[in-house]
Structures are given as C-alpha cells and as structure tokens.
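Undergrad: Structure below; questions to follow.
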Amino acid sequence: MADNPNLPDEFLAAEFEYIANSAFQANEDRSKAASFFIVSVGSLAAAIFGAQKLEAIDDAALYFLLAGLFALLTALGALTVAQLARLRLAWYEAALAMNQMKEFYVKRVKGLEGAFRWRAETLPPKYKVDSISHYTALEVAALSALTFGACVFFLQKGAAYLHGLWASALGAGALAFFALMFWYKRLLTERRKR
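Number 1102 in our numbering belongs to position 186 of the sequence shown; there are no gaps in the numbering.
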C-alpha cells in the first residue's frame, strides 16, 4: 500500500487527544486513590481518640476491634498500592501509544524528529524511583506499615501478650513497608503476557 500524502489528520488528532486524556486521567486517579487512603487513615485515627471515652466496652474487646480496623486499613493500603501500580502502567501504555503516533509522523514529515523530547526509546521506565508515582507509593506504604504495626500492637494487647510488644509492632510495620514496596516494584516490572 502506497503512502497516502493526505493523512487522516483529524482522526489522528482525535485519537491523540483521547490517549492524552487517558494519561491525564491515570494521573488524576492515582492522586485520588492515595488521597482516599490518607483520609481513611486520618479518620480512623480520629475515631480512636474518640473511642478513648468508651467505658462500657471491655479493654480486650476494644483492642481486638482496633486490631481489626487497622488490619482493614492495611488491606486497603495494599489495594491502594496495587491501584497506584496499575494506574502507572495505564499512564505508561498511554505514553507508548502517543509515542507510536509521534513516530508515525516523524517518518512522514522531514525535520520533525527534534520536536519531541520523549520518544519510544526515551520514555521514562515504568518503575522510576525519582517520580511522583514512586513517592506516592512510598507514602501509602509508610502509612500501611503504621497501620499494620498498630494491628500487631493491639492484637498483642488484646491477647495480653506484652512480651516484645513494641519490637513486634515495629518489626511488623517494617516488614509491611518493604513487602508493599517490593510488590509495587514487581507489579511495574514483571513481564506480562499480552
């Protein structure tokens, strides 16, 4: 098939705009997901301070209730980390699609090569340590580590097993942090079958 000098510019412009909007939406959704999680953690912290006034409930039952709430928040944090990774991948796919369209025009219009900073071969990697995506994942993982540490703390308090209470809570929090960041990196770097 011969090259058509009359490229369907309107169609390609509309497609490019759609892809650009998809990339923008992925970034917006990352921000919303992280904000929702942060607000949820803050709301629970406020509820805990409000629960200090509960006198009718047994201490052990309160500790187990708090452990359950913190476990739920930890699970929400893990889901948020997965969402952040998937949204980073969605942004990356949109950027690849935009670059494919750029390459299409670069091959057909002389002198256009220098107009674009990002090309398919210069696109930032999916997993980039110095990026807003990574910092957002760090923030969610750190809060999830705190919630998991609090979960372990209150489980031990509820079970009246106070030996190594703080060490267990801190160790569990550190483990949760590194596990979530490892998972985030793995979700972004694993080879997926298409």
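Ideal Cβ placement from N, Cα and C applies to all residues, glycine included. Keep in mind it's a predicted model, so treat the numbers as computed, not measured.
Rounded to the nearest angstrom, what separates alanine 1053 and serine 959 at their Cα positions?
TA: Straight-line Cα distance between these residues: approximately 20 Å.
Undergrad: So what's tryptophan 1034 in DSSP terms, helix, strand or just coil?
TA: Note: tryptophan 1034 maps to coil in three-state DSSP.
Undergrad: Cβ of alanine 1061 within 7 Å of Cβ of leucine 1039?
TA: Contact: no.
Undergrad: In or out: glutamine 1016 buried (at least 16 other Cβ within 10 Å) or exposed?
TA: Under this definition glutamine 1016 is an exposed residue.
Undergrad: If we call anything under 7 Å between Cβ atoms a contact, is phenylalanine 1070 one with leucine 982?
TA: Yes, Cβ-Cβ distance for phenylalanine 1070 and leucine 982 is below 7 Å.
Undergrad: Measuring from the CB of alanine 983, is there a heavy atom of the ligand ATP at a distance below 6 Å?
TA: Absence of the ligand ATP from the depicted structure is noted, as is the absence of any ligand whatsoever, leaving it without description.
Undergrad: Please state the DSSP three-state secondary structure of leucine 1103.
TA: Correct three-state label for leucine 1103: helix.
Undergrad: Is alanine 1066 closer than 7 Å to phenylalanine 986 when the C-beta atoms are compared?
TA: Contact: yes.
Undergrad: Taking only three categories from DSSP, how would you classify isoleucine 954?
TA: DSSP places isoleucine 954 in helix when its eight states are reduced to three.
Undergrad: Starting from glutamate 1055, trace the alpha helix (DSSP H) both ways and give me its first and last residue.
TA: First-last of the alpha helix (DSSP H) with glutamate 1055: 1048–1074.
Undergrad: By a C-beta neighbour count over all protein chains shown, 10 Å radius and 16 as the cutoff for buried, is alanine 930 buried or exposed?
TA: Exposed, since its Cβ has fewer than 16 Cβ neighbours within 10 Å.
Undergrad: From the DSSP output, in three-state form, read off tyrosine 1043 for me.
TA: DSSP places tyrosine 1043 in coil when its eight states are reduced to three.
Undergrad: Looking only at its own chain, which residues have a Cβ that is under 6 Å from the Cβ of threonine 1063, when we skip the five neighbours before and after it?
TA: Counting only Cβ-Cβ distances below 6 Å, and skipping sequence neighbours, we find Phe986, Leu989 and Thr990.
Undergrad: Could you please give the first and the last residue of the uninterrupted alpha helix (DSSP H) stretch that includes tyrosine 1008?
TA: Here the alpha helix (DSSP H) through tyrosine 1008 covers 975–1024.
Undergrad: Under the three-state reduction of DSSP, which class applies to tyrosine 934: helix, strand or coil?
TA: Three-state DSSP puts tyrosine 934 in a helix.
Undergrad: Among Leu1091, Glu1009, Leu995 and Val997, which has the Cα closest to the Cα of phenylalanine 932?
TA: Cα-wise, what sits closest to phenylalanine 932 is Glu1009.
Undergrad: Just confirm the distance between the C-beta atoms of alanine 950 and leucine 1000, as a whole number of angstroms; I'd bet it's less than 8 Å.
TA: Indeed they touch by this definition, with Cβ atoms about 7 Å apart.
Undergrad: Are the CB atoms of phenylalanine 953 and valine 1056 nearer to each other than 7 Å?
TA: Their beta carbons are under 7 Å apart, which means phenylalanine 953 touches valine 1056 by this criterion.
Undergrad: Taking all protein chains shown into account, do 16 or more other C-beta atoms lie within 10 angstroms of the C-beta of alanine 976, making it buried, or fewer, making it exposed?
TA: Answer is exposed; the Cβ neighbour count stays below 16.
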